[in-house]
Amino acid sequence: MAEHILEMRKITKTFPGVKALSDVELSVFDGEIHGICGENGAGKSTLMKVLSGVYTYGTYEGDIVFDGEVQQFHSIPDSEEKGIVIIHQELALIPYLSVAENIFLGNERRGKNGMIDWNVTNHEAMKLLDRVGLKENPITPVNQLGVGKQQLIEIAKALSKDVRLLILDEPTAALNDDDSEHLLQLLRVLKEEQGITSIMISHKLNEIAEICDRTTIIRDGHTIETFEMTRDAGIQDRIIRGMVGRDLTNRYPSREHVIGEEVMRVEDWNVYHPTQPGRIVVENANFSVRKGEVVGIAGVMGAGRTELAMSLFGRSYGRDITGKVFMHGEEVHITDVSSAIKHGLAYATEDRKRYGLNLIDDVRRNISSAALFKLSKRGWVNGNKEIKVAEEYRGSMNIKTPTVMQTVGNLSGGNQQKVVLSKWIYSDAEVMILDEPTRGIDVGAKYEIYTIINRLVAAGKAVIIISSELPELLGTCDRIYTLAFGRVTGEVPVAEATQEKLMTLMTQEKEVRA
Amino acid sequence: MTGTTSVKDLFTKNLRTSGIYIAFVVIVGLFAILTGGTSLSPMNVTNLVLQYSYILILAIGMVMVIIAGHIDLSVGSVVAVTGAVSAVLVIKYDMPWWVGVLAALGCGVLIGAWQGFWVAFVGIPAFITTLAGMLMFRGLTLLVLNNTSLSPFPEPYRNIAAGFQNGLLGGAGYDVFTLVVFALAVAGYFFSAWRTRRSQIAYEQPVVAFPLFILQLVLVAAVVMWFAWQLASARGLPNVLIILAVLIIAYSLVTTRTVFGRHVYAIGGNLAAAMLSGVKVKWVNFGVMLNMGILASVAGVVFSARSNAAQPAAGNMFELDAIAACFIGGAAVTGGVGRVTGAIVGGLIMAVMSNGMQLMGVPQSVQSVVKGLVLLLAVAFDVYNKRRAGAR
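Below is the structure:
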């Protein structure tokens, strides 16, 4: 195992005005699983783009040594030729094509006459699916499969290219715990049985700790250190220390718990699937939140968490919604998003790029977008006041941007999230529903987000956090509701909550489901 | 954040928006040289305004449609059918000219509401809705006109597009009234620029350095007054220019300063995010399409007045000129980006090119090829810029 399959030596990559990577060193042994950790914007993705030939030979300095030879990749096919395959965070499958078609896309199995030989294609696809442990018919369209299985198809696709070094960029970010576990298991099998080396980029430190042989830490475009992974508990702290460059003694800032009267109560909330008639997505949900309280909603993916939140937030999801919503003890009828906002609700979405922000517009207009009514008189917007407001939030929320005129798409994930939070705080919401508020955000910025949440409840707001990261809920909430298969299965004060207890409730099935 | 912006920042940071103005100046200069100065003669400048006014009116509405992420292919046919309705009333039934104008505008409202209904509330893509509209309203034009042309319009109707405000204050060889109007406009511009700057400073925003600010004002004043002089020494102030100026100012304000305008940009930029921010997406889309119908009917009146007739084939291909104007003017194909002033300058670039090539006697075939290339290059420039900005 002592032989290097890959060495990246003194890689330096400069963009106009910014040095994204400087003298980065990465060496990967043949047959290991190598973790790469770093905050967002540390340069992990850039490094992988250099390796896979997205940034072509000559646009960077330093050497890529693969199999003992210096490589000059001019395109992605060049690197794939050598057996280096990268699987990106956003899956690159074509939804309406079949599993087999996706696997051999761009690499089609042709017969003598130049036409695609479907028998060979489907047969080989089956063999590849077998290797990744997926029992699916190769002619199934990909969109009929879940994200977890799609991720496995990506790996099968990589295997079809005779991969030797597999690079996975945040492979489990969108997966639930079961699927993640399966994927990690598969990487181990591929390593042990087929000798495939993997590089895994991840924010999930427990996964890195579980599966990787060695880990390299990157911070601000520099290699900080590479070390052997041990199974002792301190290893995660070591990674965090390396990533943020300081000790984070407490990952969750503490706060004083001053809980007031009830602000919102939801009774008998039912939501049906928007396109599949008769399929109930949220069933008889009852919950409440009080002033100054942080309430968690724990549930695995597909449990109906986001559906519950969005249906409450101006009926943005689902149909045949029934149930009652009380604000300060009085029943309110929320018909659309603008009335939800007027009643003091806010919803920061799980996927801020797709649903939360106008990425091509600037910070200022994103912050004001949910509360233009506060900035306008008879339909006319006071542009100067708007800038002033945005500047205030830039300061108070510590949004790292040179000016509020900066396009939001250019900010890092953490700063984008601060823009989303600013937007809802400015809308004067009393109840803020935060859906996965720290997804895809690095450790340092997470801490800041938690601090902001503490400030919100200290100011008398009520906060509902939806999260699949149980430690996060345990670290921030006062009370946690668990959601399983669309039903609220439990309500646990944080003092009594443990990960095991929550997980049991989150997976509690109703007696025999059809 | 008080500070001043340097000349370099002014250009590099806003290359995308300032690029179009530079291109415009270059093209005007180029044709002035190629035509030996004819293209800048008072008569030709006047003609240019008259000849392309209706495309510019369409471009104002079209840019909003495009910003919202839609497209309108029907405007050419709407120009035809509104002109036809007005002609039937005024010419065939001898009604007063203003009845024709009101009827045309009313048709515009109905057509806009019709298309807005399908796009916004039923959810048919605008491309399909307006493609259908393009066929339907062309058919209705033929029906209303009974397949023949109607002409001539009475004098007051013609004056909407072909008339001038001239001699109101006298002047020898030049129209004093025109100059006074333009001078007032420049003064108004100075005043509003000054006020904007004052409030920007009060709200602690960066402003351009004072000498640069003055230079900007002087440059604008010089260009505008030169233009005024050209008009004044020809036939005076064209009525259609007044209509156009009012529309440009009004819609620039609507797009940049109103909640409605903001919502249009928000929808085009990220539909889902706009919806979840409380934007009433359906009503905004309806409003955008309705507005396009109304502006198309204004263009219909202007065009029929200018050509002094309503013809079955009127307005053919206008939609493409209007769409091209928007894209040359920096609107993004994917929506969310664009400006009224950009679309106007884009339209003027097309106008100056067509007009210049006509003066040079370039055949129609070559003109078409050149216009197509300019459109392609303008969008390519835009795409290149975006890629450069997003390189990281």
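Keeping their order, the protein sequence lines are chains A and B.
Throughout, my numbering is defined as the position within the first sequence, counted from one, plus 636.
Throughout, my numbering is defined as the position within the second sequence, counted from one, plus 54.
Even for Gly, the Cβ is constructed at its ideal location relative to N, Cα and C.
Predicted model only: the values in this text are computed from it and were never measured.
{"Item": "Keeping to the same chain, check which residues put their C-beta closer than 7 Å to that of M937 (chain A); ignore five residues upstream and five downstream.", "Value": "N812, S1104"}
{"Item": "Excluding sequence positions up to five away, which residues of its chain have a Cβ less than 7 Å from the Cβ of D126 (chain B)?", "Value": "M116, V119, A180, T184, M346, E373"}
{"Item": "Between which two residues does the beta strand (DSSP E) harbouring G932 (chain A) extend?", "Value": "930–934"}
{"Item": "From W172 (chain B) to S331 (chain B), what distance separates their C-alpha atoms?", "Value": "24 Å"}
{"Item": "Quick check on K771 (chain A): buried or exposed, where buried means 16 or more other Cβ atoms within 10 Å of its Cβ?", "Value": "exposed"}
{"Item": "Taking contact to mean 3 or more Cβ pairs, one atom from each stretch, closer than 8 Å, check whether the stretch 1109–1117 of chain A and the stretch 902–914 of chain A are in contact.", "Value": "no"}
{"Item": "Within the same chain, show all residues whose beta-carbon is closer than 6 Å to that of S924 (chain A), passing over the 5 residues directly before and after it, in chain order.", "Value": "E898, R901"}
{"Item": "Chain A beta carbons: is any one of them nearer than 8 Å to that of N487 (chain B)?", "Value": "In this structure chain B extends from 55 to 446, so residue 487 (chain B) is not present and cannot be described."}
{"Item": "Could you give the distance in angstroms between the alpha-carbon of K655 (chain A) and the alpha-carbon of L993 (chain A)?", "Value": "28 Å"}
{"Item": "Whole angstroms is fine: what's the gap from R311 (chain B)'s alpha carbon to I114 (chain B)'s?", "Value": "16 Å"}
{"Item": "Measuring only between beta-carbons, confirm whether T309 (chain B) sits less than 8 Å from chain A.", "Value": "no"}
{"Item": "By Cβ distance below 8 Å, which residues in the same chain neighbour V660 (chain A) in space, the five residues on each side in sequence not counted?", "Value": "M644, K646, I647, T648, G679, L683, G698, I854, G857, H858, T859"}
{"Item": "Please name the residue, chosen from B:A122, B:L102, B:N101, that lies closest to V318 (chain B) on a Cα-to-Cα basis.", "Value": "B:A122"}
{"Item": "Taking contact to mean 3 or more Cβ pairs, one atom from each stretch, closer than 8 Å, check whether the stretch 1063–1081 of chain A and the stretch 994–1003 of chain A are in contact.", "Value": "no"}
{"Item": "From the beta carbon of R990 (chain A), is the nearest beta carbon of chain B less than 8 Å away?", "Value": "yes"}
{"Item": "Can a CB atom of chain A be found closer than 8 Å to the CB of T312 (chain B)?", "Value": "yes"}
{"Item": "When the cut-off is 8 Å and only beta carbons count, does R441 (chain B) lie next to chain A?", "Value": "no"}
{"Item": "I think S715 (chain A) touches G689 (chain A), with their Cβ atoms under 8 Å apart; what is that distance to the nearest whole Å?", "Value": "4 Å"}
{"Item": "With a threshold of 16 other CB atoms inside 10 Å of the CB of I1102 (chain A), please say whether the residue is buried or exposed.", "Value": "buried"}
{"Item": "Measure the beta-carbon distance from I382 (chain B) to I403 (chain B) and round it to whole angstroms, keeping in mind my assumption that it falls under 8 Å.", "Value": "6 Å"}
{"Item": "Three-state secondary structure (DSSP) at F740 (chain A)?", "Value": "coil"}
{"Item": "Please confirm if the stretch 867–875 of chain A is in contact with the stretch 1046–1066 of chain A, defined as three or more CB-CB distances below 8 Å between the two stretches.", "Value": "no"}
{"Item": "Using a beta-carbon distance below 8 Å, is L330 (chain B) in contact with chain A?", "Value": "yes"}
{"Item": "Please decide whether V1017 (chain A) counts as near chain B, where near means a Cβ-Cβ distance under 8 Å.", "Value": "yes"}
{"Item": "Let me see if you follow: with CB-CB separation under 8 Å, is V338 (chain B) close to chain D or not?", "Value": "Of the protein chains in this structure, namely A and B, none is chain D."}
{"Item": "Tell me which residues of the stretch 381–413 of chain B have at least one Cβ-Cβ distance to chain A shorter than 7 Å, keeping chain order.", "Value": "G390, V391"}
{"Item": "Give the straight-line distance between the Cα atoms of F709 (chain A) and Y693 (chain A), rounded to the nearest whole angstrom.", "Value": "5 Å"}
{"Item": "Pull up the distance between the alpha-carbon of V1124 (chain A) and that of F175 (chain B), whole angstroms please.", "Value": "35 Å"}
{"Item": "From the DSSP output, in three-state form, read off V300 (chain B) for me.", "Value": "helix"}
{"Item": "May I ask you to report which of helix, strand or coil DSSP gives I74 (chain B)?", "Value": "helix"}
{"Item": "Could you tell me which residues DSSP puts in a beta bridge with E898 (chain A)?", "Value": "A:R926"}
{"Item": "Tell me which residues share the same chain as I712 (chain A) and place their Cβ nearer than 7 Å to its Cβ, disregarding the 5 neighbours each side in the sequence.", "Value": "S688, G689, V690"}
{"Item": "What is the rounded straight-line gap between the Cα of A263 (chain B) and the Cα of N1046 (chain A)?", "Value": "27 Å"}
{"Item": "Would a C-beta distance cut-off of 8 Å place V313 (chain B) and V1017 (chain A) closer than the cut-off?", "Value": "yes"}
{"Item": "Taking Cβ to Cβ, would you say A138 (chain B) is nearer than 8 Å to L222 (chain B)?", "Value": "no"}
{"Item": "Are the beta-carbon atoms belonging to A1026 (chain A) and S1004 (chain A) less than 8 Å from one another?", "Value": "yes"}
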